[in-house]
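This report refers to the structure that appears directly beneath it.
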Amino acid sequence: NAGVTQTPKFRVLKTGQSMTLLCAQDMNHEYMYWYRQDPGMGLRLIHYSVGEGTTAKGEVPDGYNVSRLKKQNFLLGLESAAPSQTSVYFCASRWGLAVETQYFGPGTRLLVL
Amino acid sequence: GENVEQHPSTLSVQEGDSAVIKCTYSDSASNYFPWYKQELGKGPQLIIDIRSNVGEKKDQRIAVTLNKTAKHFSLHITETQPEDSAVYFCAASVRTNDYKLSFGAGTTVTVRA
Chain A
1 NAGVTQTPKF RVLKTGQSMT LLCAQDMNHE YMYWYRQDPG MGLRLIHYSV
51 GEGTTAKGEV PDGYNVSRLK KQNFLLGLES AAPSQTSVYF CASRWGLAVE
101 TQYFGPGTRL LVL
Chain B
114 GENVEQHPST LSVQEGDSAV IKCTYSDSAS NYFPWYKQEL GKGPQLIIDI
164 RSNVGEKKDQ RIAVTLNKTA KHFSLHITET QPEDSAVYFC AASVRTNDYK
214 LSFGAGTTVT VRA
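Protein sequence lines, in the order shown, are assigned to chains A and B. The letter at position 61 of the first sequence is residue 61 when you use our numbering, and the numbering goes up by one with no holes. The letter at position 42 of the second sequence is residue 155 when you use our numbering, and the numbering goes up by one with no holes.
Shown next as structure tokens:
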């Protein structure tokens, strides 16, 4: 049971380039979340999904898109990367309605030059 | 939306002493309060949580207290050990809001040997 995994672990992008971050979970969780972590600001929710085929905006969605085509995967896309998107990105998942606990992946460190 | 404030931002304690981290929240509807520990280069890991119908919860050397009237909750670590050194985050969420987590900014705890 790998839990929540994230790919890649680290990436350097140039301004304007695009990329996709992959989150995968093998716990059959319904809910999945994407957060970004910046120094002194804790974690902020970007987008989330309440089930396969669904997505919703979080606190800081601008500049990002997401897709949940399969229950176990949640993709975060940056269409045109900006230096302000330099951050550490964490994915999390949760079982469902009655279970609150979110389990986090190891993170993806992204540097946009 | 929910606003969570966390204090202090850094905390240095002597091994064997106690550490206390305090958080306040703004949304009186919040009913789930987890605490996460993040070690360097890793994702946040849940260490303890408390629900709004409970005033205190303890798990070995870790305890959390909740004061709904004052809208604040605290993490207490007793008999601190070097492996307790990490960044700790509090969070708050509401069941009716898909349990989206709003995080505090984090507390860096250093345990001096």
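Virtual Cβ for every residue (Gly too), placed ideally from N, Cα, C.
Please classify residue i as buried or exposed, where buried requires at least 16 other C-beta atoms within 10 Å of its C-beta.
{"i": "G58 of chain A", "result": "buried"}
{"i": "S147 of chain B", "result": "One detail in the question is off: residue 147 of chain B reads as Pro in this sequence, not Ser. That one is buried."}
{"i": "G96 of chain A", "result": "exposed"}
{"i": "S125 of chain B", "result": "exposed"}
{"i": "K9 of chain A", "result": "exposed"}
{"i": "L306 of chain B", "result": "This structure cannot settle anything about residue 306 of chain B, because the visible part of chain B is limited to 114 through 226."}
{"i": "V167 of chain B", "result": "exposed"}
{"i": "A82 of chain A", "result": "exposed"}
{"i": "P157 of chain B", "result": "buried"}
{"i": "Q37 of chain A", "result": "buried"}
{"i": "D62 of chain A", "result": "exposed"}
{"i": "A98 of chain A", "result": "exposed"}
{"i": "S93 of chain A", "result": "buried"}
Taking residue i as the query, report the chain A residues whose CB atoms sit under 8 angstroms from its CB, ordered along the chain.
{"i": "V145 of chain B", "result": "A small correction: the amino acid at residue 145 of chain B is Tyr; Val does not occupy that position in the sequence shown. By Cβ distance, chain A contributes E100."}
{"i": "D211 of chain B", "result": "Y31, Y48, V50 and A56"}
{"i": "S206 of chain B", "result": "E100"}
{"i": "L159 of chain B", "result": "T101, Q102 and Y103"}
Looking at residue j and residue i, is the spacing between their C-beta atoms short of 8 angstroms?
{"i": "D140 of chain B", "j": "E118 of chain B", "result": "no"}
{"i": "Y35 of chain A", "j": "R44 of chain A", "result": "yes"}
{"i": "E100 of chain A", "j": "Y212 of chain B", "result": "yes"}
{"i": "T108 of chain A", "j": "Q6 of chain A", "result": "yes"}
{"i": "Y64 of chain A", "j": "S49 of chain A", "result": "no"}
{"i": "V112 of chain A", "j": "T20 of chain A", "result": "no"}
{"i": "A204 of chain B", "j": "L214 of chain B", "result": "yes"}
{"i": "S131 of chain B", "j": "I175 of chain B", "result": "no"}
{"i": "G42 of chain A", "j": "G217 of chain B", "result": "yes"}
{"i": "K150 of chain B", "j": "A199 of chain B", "result": "yes"}
{"i": "D172 of chain B", "j": "Y145 of chain B", "result": "no"}
{"i": "L76 of chain A", "j": "V88 of chain A", "result": "no"}
Which residues in chain B have a C-beta closer than 7 angstroms to the C-beta of residue i? List them in chain order.
{"i": "R11 of chain A", "result": "Residues of chain B passing the Cβ test: none, with the nearest at roughly 16 angstroms."}
CB-CB under 6 angstroms to residue i, same chain, minus the five flanking residues each way: which ones, in chain order?
{"i": "A142 of chain B", "result": "V207"}
{"i": "V60 of chain A", "result": "R44 and I46"}
{"i": "R11 of chain A", "result": "L110"}
{"i": "Q127 of chain B", "result": "R225"}
{"i": "Q17 of chain A", "result": "A81"}
Tell me which residues share the same chain as residue i and place their Cβ nearer than 8 angstroms to its Cβ, disregarding the 5 neighbours each side in the sequence.
{"i": "L3 of chain A", "result": "The sequence shown places Gly at residue 3 of chain A, not Leu. Closer than 8 angstroms at Cβ, skipping near neighbours: Q25, D26, M27, Y103 and G105."}
{"i": "G53 of chain A", "result": "R68 and L69"}
{"i": "A56 of chain A", "result": "H47, Y48, S49 and V50"}
{"i": "S122 of chain B", "result": "A218, G219, T220 and T221"}
Please compile the residues from chain A whose C-beta is within a distance smaller than 7 angstroms of the C-beta of residue i.
{"i": "G156 of chain B", "result": "F90, F104, G105, P106 and G107"}
{"i": "G219 of chain B", "result": "G42"}
{"i": "D197 of chain B", "result": "Those do not exist, as D197 of chain B stays about 19 angstroms from chain A at its closest Cβ, beyond 7 angstroms."}
Go through its chain and collect everything with a Cβ distance to residue i's Cβ below 7 angstroms, but skip five positions before and after it.
{"i": "L159 of chain B", "result": "P147 and Y149"}
{"i": "E192 of chain B", "result": "G129 and R174"}
{"i": "F90 of chain A", "result": "Y35, Q37, L43, F104, G105 and G107"}
List the residues of chain A that residue i touches, going by C-beta distances under 9 angstroms, in chain order.
{"i": "F186 of chain B", "result": "Chain A residues near F186 of chain B: none, gap ~15 angstroms exceeds 9 angstroms."}
{"i": "D162 of chain B", "result": "E100 and T101"}
Along chain B, in chain order, which residues have C-beta atoms closer than 8 angstroms to that of residue i?
{"i": "R94 of chain A", "result": "Y212"}
{"i": "L75 of chain A", "result": "Neighbours of L75 of chain A on chain B: none; closest Cβ ~18 angstroms, over 8 angstroms."}
{"i": "L22 of chain A", "result": "Near L22 of chain A there are no residues of chain B at all, since even the closest Cβ is about 15 angstroms away, more than 8 angstroms."}
Meets three-Cβ-pair contact criterion under 8 angstroms: the region 24 to 35 of chain A and the region 70 to 80 of chain A: The region 24 to 35 of chain A and the region 70 to 80 of chain A touch, with no fewer than 3 CB-CB distances between them shorter than 8 angstroms.
Stretch pair the region 219 to 226 of chain B + the region 171 to 187 of chain B: three plus CB contacts closer than 8 angstroms: Judged by Cβ distances under 8 angstroms, the region 219 to 226 of chain B makes no contact with the region 171 to 187 of chain B, as fewer than three pairs qualify.
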